[in-house]
Amino acid sequence: LSAAVETQSTSSEEMVPSSPSPPPPPRVYKPCFVCQDKSSGYHYGVSSCEGCKGFFRRSIQKNMVYTCHRDKNCQINKVTRNRCQYCRLQKCFEVGMSKEVRNDRNKKKKDVKEEVVLPESYELSGELEELINKISKAHRETFPSLCQLGKYTTNSSADHRVQLDLGLWDKFSELSTKCIIKIVDFAKQLPGFTTLTIADQITLLKSACLDILMLRICTRYTPEQDTMTFSDGLTLNRTQMHNAGFGPLTDLVFAFAGQLLPLEMDDTETGLLSAICLICGRMDLEEPQKVDRLQEPLLEALKIYARRRRPNKPHMFPRMLMKVTDLRGISTKRAITLKMEIPGPMPPLIREMLENPEAFEDSSDSGDSAAAAAPLPPPAIQAIKR
């Protein structure tokens with residue numbers, strides 16, 4: 001009987017269902033790497049909130065180019081993140097966000113396939129390859145590399161900053177005039193540029209010439225000596241650059257040159273970026289849609305070329321595009337300070353390139369409308385038609 005009771009008891013215990021195990025605790029992610037807000041999971045390779053995830057996606061898909069109105073070092077947190085899109089996107093790249101990685105772990109399994117972003121094709125079409133080759137050739141023919149130059153220096157005002165060294169300015173203005181002519185030659189070799197009206201060619205050149213000049217000189221920056229080398233080999237240090245006419249913008253220009261170094265751009269990328277600076281939407285274009293159509297393959301060419309050259313660094317292309325915005329800010333200030341500081345006559349071609357409504361506003365009260373309606377001075381037209 002005892003054995004039977006034990007057996008019955010055992011059977012009864014086996015019939016009692018075990019209590020359900022407690023649900024696993026909700027997964028806790030590290031705070032958003034960009035703004036430190038509460039993270040919703042891993043997006044584009046890093047722990048991030050829904051806001052930064054959406055911001056990064058929109059910025060990359062639309063190839064957005066933002067502008068910082070301060071010093072490009074804005075603090076990004078959940079309170080300030082919407083104040084500066086430029087610095088927010090920079091922070092996204094710095095913490096490692098990449099459009100090649102999608103790990104939205106909060107999606108149901110049935111939705112996972114929808115979240116997978118297939119790798120883009122980085123195969124160059126024959127047309128794009130031909131475009132890249134033409135622009136690379138045009139850049140090399142109008143801008144010798146640093147190793148091709150016989151560098152030389154000058155002792156002129158090398159130690160102390162002065163308001164302006166007229167000897168250096170004369171040399172600098174002479175070189176700048178030659179460089180502008182080279183940029184015109186570069187533009188004329190860009191596919192489609194000469195099919196634009198003469199007026200649009202002039203507008204684009206005047207709007208972008210200082211940008212391209214700045215980009216070119218900054219690619220000849222030597223960080224070990226903190227110098228920049230011009231097209232004839234003249235090498236100036238920071239103080240001499242200041243005294244040659246760069247004035248208070250000198251440190252800003254050198255800082256930009258330093259920011260280019262991590263991009264490790266080659267001549268082809270510099271040429272493509274120069275072409276993008278030149279052929280883009282500007283005020284007062286006669287055929288803006290045609291300019292837009294010419295720019296589209298340039299953007300695609302730079303994106304594919306940069307991606308193929310750096311398979312593990314997909315963020316380099318948008319970083320290069322952001323430098324276009326930086327260049328515009330520097331060249332705008334450069335135009336203003338140059339016009340204010342030069343006491344003597346300015347070479348005609350440089351003066352014409354500075355007469356750019358997008359670069360600065362003329363402070364004179366009279367004759368503005370007449371000047372705007374008057375025919376352009378001849379130097380740029382002569383350079384284009386020759």
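In case it helps, UniProt numbering puts the sequence shown at residues 1 to 386. No residue lacks a Cβ here, since even glycine has one placed at the ideal position from N, Cα and C. Since the model is a prediction, treat every value here as computed from it, not as a measurement.
Whole-number beta carbon distance between serine 98 and glycine 45, since they are thought to touch under 8 angstroms: That belief holds up - the Cβ atoms of glycine 45 and serine 98 are roughly 5 angstroms apart, short of 8 angstroms.
Are glycine 271 and serine 136 touching if we call contact CB-CB under 7 angstroms? yes
Using DSSP's beta-bridge definition, name the partner residues of glycine 54. DSSP output for glycine 54 lists no bridge partner at all.
Could you spell out where the beta strand (DSSP E) holding residue 389 opens and where it closes? With the chain covering 1 to 386 only, the question about residue 389 has no answer from this structure.
Run through the DSSP bridge pairs and tell me what threonine 222 is partnered with. Thr227
Could you name the residues of the same chain whose beta carbon sits closer than 6 angstroms to that of cysteine 84, not counting the 5 residues immediately before and after it, in chain order? Hits under 6 angstroms: Cys68 and Cys74.
Closest by C-alpha distance to methionine 64, when choosing among Gln295, Ile330, Thr332 and Leu321: Leu321
In terms of residue numbering, what span does the alpha helix (DSSP H) encompassing valine 253 cover? 250-260
Helix or strand or just coil, what does DSSP make of histidine 242? helix
Got a sec? Which residues, its chain only, sit under 7 angstroms from phenylalanine 55 by beta carbon, not counting five neighbours each side? Arg88
Does DSSP put leucine 298 in a helix, a strand or coil? helix
Restricting to Cα atoms, I'd like to know which of Lys171, Cys218 and Thr194 is closest to phenylalanine 143. Cys218
Beta-carbon separation of cysteine 35 and isoleucine 76 under 7 angstroms? yes
According to DSSP, glycine 41 sits in a beta bridge with which residue or residues? Ser48
Ignore the nearest five residues each way along the sequence and tell me which others in lysine 182's own chain have a CB closer than 6 angstroms to its CB. Thr142
Cα-Cα separation between glycine 175 and arginine 220, rounded to whole angstroms: Residue identity check: residue 175 is leucine in the sequence provided, not glycine. C-alpha separation (whole angstroms): 15 angstroms.
Arginine 140: which of Tyr122, Leu190 and Asp170 sits nearest, CA to CA? The shortest Cα separation from arginine 140 among Tyr122, Leu190 and Asp170 belongs to Leu190.
Near serine 145, what residues of its chain come up, given a Cβ to Cβ distance below 8 angstroms and the 5 sequence neighbours on each side ignored? Same-chain partners within the cutoff: Asp267.
Coil, strand or helix - threonine 80 by DSSP: Collapsing the DSSP output to three states places threonine 80 in coil.
With DSSP run on the structure shown, which of helix, strand or coil describes proline 288? Proline 288 falls in the helix class under three-state DSSP.
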